[in-house]
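Engineer: Dumping the structure here so I can ask a few things about it.
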Amino acid sequence: MQIAVLIKQVPDSDDVRMDEVTGTMIREGAGAMINPLDLHALQEALTIRSSQGGEVVALSMGPPQAEAALREALALGADAVVFLSDPRFAASDTWATARTLAAACERTGPYDLILAGEKATDGETGQVGPEVAVMLGVPFSTYVSRVEFDGCGSVEVSRTVEDGIERQKLPLPCLLTVLRDINEPAMPTLSGKKAARRAALTVQGMDSLGLSPDEAGLAGSPTRVRRIFRPSLARNPRIFKAGDIEEGIVALFDELESRGLIDEQGPS
Ligand SMILES: Cc1cc2nc3c(=O)[nH]c(=O)nc-3n(C[C@H](O)[C@H](O)[C@H](O)COP(=O)(O)OP(=O)(O)OC[C@H]3O[C@@H](n4cnc5c(N)ncnc54)[C@H](O)[C@@H]3O)c2cc1C
227 MQIAVLIKQV PDSDDVRMDE VTGTMIREGA GAMINPLDLH ALQEALTIRS
277 SQGGEVVALS MGPPQAEAAL REALALGADA VVFLSDPRFA ASDTWATART
327 LAAACERTGP YDLILAGEKA TDGETGQVGP EVAVMLGVPF STYVSRVEFD
377 GCGSVEVSRT VEDGIERQKL PLPCLLTVLR DINEPAMPTL SGKKAARRAA
427 LTVQGMDSLG LSPDEAGLAG SPTRVRRIFR PSLARNPRIF KAGDIEEGIV
477 ALFDELESRG LIDEQGPS
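In our numbering, the protein residues as written are 227 to 494.
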């Protein structure tokens, strides 16, 4: 089974700074790591490879420093990587990102299964996976927490949704976006790390993917960031400072009662 895993390099902290003028992310000075959910997608691909055979290929689009994410994917056990990096990919929105990844899947595939994280910790739209599937014309499922193969060319998945677990059966090829409950990612081995450091990595750009300048990067992005701002705090928190815990609880209950949120019997 040929499996592609979409891997995004993200800042390694929640403190993402934005340039309020250009509306883009300030990456300088920020550490970087593989998007945590993508590690679960990669782990699932490695587990499927163990049971079904085949190859795992990790694909990532990003600036030159995103190479580190792909080397880590190799250290974790990916058989091959595809690095999509071109200054003209800069400022891609989710549509242009998906277009680039879909073109790379078409060029380097065909793949029976494409796995992605449910969302990235920085952009956090959760759009890229489903967009790639639509562009490739394959079915997809999101919020996947379990994957099973029936050996008849289809895959059965469990989706964790708000009111429980939903089961879906999809024909291959298909794309799945995964949640963290799906597995526990393994650590890279020392020999894996050494091999990954030595591995030759080729870079693909807009021309080698056969994309025209209006299909990727800023020119291929139908959305624009018009304004970036920190939302003002809508709540007006009050902190109860008290000498002992009982005093604090009494003060809290008095406040809730005065606001009509509870009565003497308890919460209204
Ligand atoms: C108008 C506009 C301009 C932007 N300009 C910039 C910019 O200049 N610089 C910048 O850093 N960001 C920019 N962004 C954000 C950028 O578009 C998103 O980070 C990117 O498209 C992915 O979206 P996301 O983070 O919401 O991913 P999600 O959809 O939340 O990611 C879901 C999954 O898709 C896969 N995936 C997502 N992105 C990639 C990738 N690059 N490679 C491989 N797999 C991936 C991963 O498996 C990930 O877990 C811009 C966004 C907009 C709307």
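Yeah, the Cβ is synthetic: ideal placement off N, Cα and C, and Gly gets one too.
May I ask whether a heavy atom of ligand 1 can be found less than 7 Å away from the beta carbon of K419?
Structural biologist: If you number the sequence shown from 1, residue 419 lands on position 193. No, the Cβ of K419 stays beyond 7 Å of every heavy atom of ligand 1.
Engineer: For ligand 1, is there a heavy atom less than 7 Å away from the beta-carbon of I465?
Structural biologist: The count along the sequence shown starts at 1 and reaches residue 465 at position 239. No, the Cβ of I465 stays beyond 7 Å of every heavy atom of ligand 1.
Engineer: Looking only at its chain, what residues have a beta carbon closer than 7 Å to the beta carbon of S286, apart from the 5 residues adjacent to it on each side?
Structural biologist: Counted from its first residue, the sequence shown places residue 286 at position 60. Only I233, K234, Q235, A292, A295, L296, F309 and L310 meet the Cβ criterion.
Engineer: Going straight from the alpha carbon of R372 to that of E392, what length do you get?
Structural biologist: Start at 1 with the first residue of the sequence shown, and residue 372 comes out as number 146. Start at 1 with the first residue of the sequence shown, and residue 392 comes out as number 166. Cα-Cα distance, rounded: 11 Å.
Engineer: Beta-carbon separation of R314 and A442 under 8 Å?
Structural biologist: Taking the sequence shown and counting its residues from 1, one reaches residue 314 at position 88. Taking the sequence shown and counting its residues from 1, one reaches residue 442 at position 216. Contact: yes.
Engineer: Between F455 and D238, what straight-line distance do the alpha-carbon atoms span, to the nearest angstrom?
Structural biologist: As a first step, residue 455 is located in the sequence shown; it is residue number 229 there, counting from the start. As a first step, residue 238 is located in the sequence shown; it is residue number 12 there, counting from the start. One C-alpha to the other measures close to 21 Å.
Engineer: Roughly how many angstroms lie between the CA atoms of E357 and G418, to the nearest whole one?
Structural biologist: Position 131 of the sequence shown, counted from the start, is the residue given in the question as residue 357. Position 192 of the sequence shown, counted from the start, is the residue given in the question as residue 418. Roughly 32 Å separates the two Cα atoms.
Engineer: Between the alpha carbons of I340 and L405, how many angstroms are there, rounded?
Structural biologist: On the sequence shown, position 114 is the one that residue 340 refers to. On the sequence shown, position 179 is the one that residue 405 refers to. So the alpha carbons of these two residues sit roughly 14 Å apart.
Engineer: Once DSSP output is grouped into helix, strand and coil, what is the label at A289?
Structural biologist: By one-based count along the sequence shown, residue 289 stands at place 63. Inspection of the sequence shows that residue 289 is occupied by Pro rather than by Ala. In this structure, P289 counts as coil in the three-state DSSP scheme.
Engineer: Quick one: any contact between the region 322–332 and the region 270–288, if contact means 3 or more CB pairs under 8 Å?
Structural biologist: Segments in contact, yes.
Engineer: Going by the DSSP bridge assignment, what does E374 pair with across the sheet?
Structural biologist: As a working mapping, residue 374 is identified with position 148 in the sequence shown. In the DSSP assignment, E374 is bridged to E382.
Engineer: When you compare each of T368, L396 and F366 to C378 by their alpha carbons, which one comes out closest?
Structural biologist: One-based indexing of the sequence shown puts residue 378 at position 152. Among T368, L396 and F366, the Cα nearest to that of C378 is on L396.
Engineer: Can we count V526 as close to ligand 1, meaning its CB is less than 7 Å from some heavy atom?
Structural biologist: Only positions 227 to 494 of the chain appear in the structure, and residue 526 is not among them; the question remains open.
Engineer: With hydrogens ignored, establish whether the beta-carbon of R450 is closer than 7 Å to any heavy atom of ligand 1.
Structural biologist: Locating residue 450 in the sequence shown gives position 224, counting from the first residue. The answer is yes for R450.
Engineer: Just to check, is the beta-carbon of K345 closer than 7 Å to a non-hydrogen atom of ligand 1?
Structural biologist: In the sequence shown, counting from the first residue as 1, residue 345 sits at position 119. At least one heavy atom of ligand 1 is found less than 7 Å from the C-beta of K345.
Engineer: If you compare alpha carbons, which of L272, G280 and S277 is closest to A301?
Structural biologist: Sequence index remark: in the sequence shown, residue 301 carries index 75 (1-based). The option with the nearest alpha carbon to A301 is L272.
Engineer: For R393, which of helix, strand or coil comes out of DSSP?
Structural biologist: The count along the sequence shown starts at 1 and reaches residue 393 at position 167. Three-state result, R393: strand.
Engineer: Quick check: the region 348–363 against the region 378–387, are there 3 or more CB pairs under 8 Å?
Structural biologist: no
Engineer: Nearest to L416 by alpha carbon, out of G303, M227, R275 and S447?
Structural biologist: Walking along the sequence shown from the start, residue 416 turns up at place 190. Taking each of G303, M227, R275 and S447 in turn and checking the Cα distance to L416, the smallest one comes out for G303.
Engineer: Just reading off the alpha helix (DSSP H) that M361 is part of, what are its end residues?
Structural biologist: By 1-based counting over the sequence shown, the position of residue 361 is 135. Where M361 is concerned, the enclosing alpha helix (DSSP H) stretches over V354 to L362.
Engineer: Tell me Q228's beta-bridge partners as DSSP assigns them.
Structural biologist: Your numbering for residue 228 matches position 2 in the sequence shown. DSSP output for Q228 lists E281 as bridge partner(s).
Engineer: Please work out which residues of its chain come closer than 8 Å, Cβ to Cβ, to Q228, disregarding the five sequence neighbours upstream and downstream, and give them in chain order.
Structural biologist: Here residue 228 refers to the residue found at position 2 of the sequence shown. Taken in chain order, the residues that qualify are G280, E281, V283, G335, P336, Y337, D338 and L339.
Engineer: In the DSSP assignment, find the alpha helix (DSSP H) that holds A477 and state where it starts and stops.
Structural biologist: As a working mapping, residue 477 is identified with position 251 in the sequence shown. Per DSSP, A477 belongs to the alpha helix (DSSP H) from I471 to S484.
Engineer: Unbroken alpha helix (DSSP H) runs of length 4 or more, entirely within the region 437–463: which are they?
Structural biologist: none
Engineer: Taking its Cβ as the centre, do 16 or more other Cβ atoms sit within 10 Å of E298, making it buried, or is it exposed?
Structural biologist: What you label residue 298 is simply residue 72 of the sequence shown in a count that begins at 1. Under this definition E298 is a buried residue.
Engineer: Going by the CB atoms, is the gap between T368 and T403 shorter than 8 Å?
Structural biologist: Here the question's residue 403 lines up with position 177 in the sequence shown. Here the question's residue 368 lines up with position 142 in the sequence shown. A contact, by the Cβ cut-off of 8 Å.
Engineer: Can you determine whether any heavy atom of ligand 2 sits closer than 7 Å to the C-beta of S311, and answer yes or no?
Structural biologist: Annotation note on ligand 2: not contained in the displayed structure, which lists ligand 1 as its ligands.
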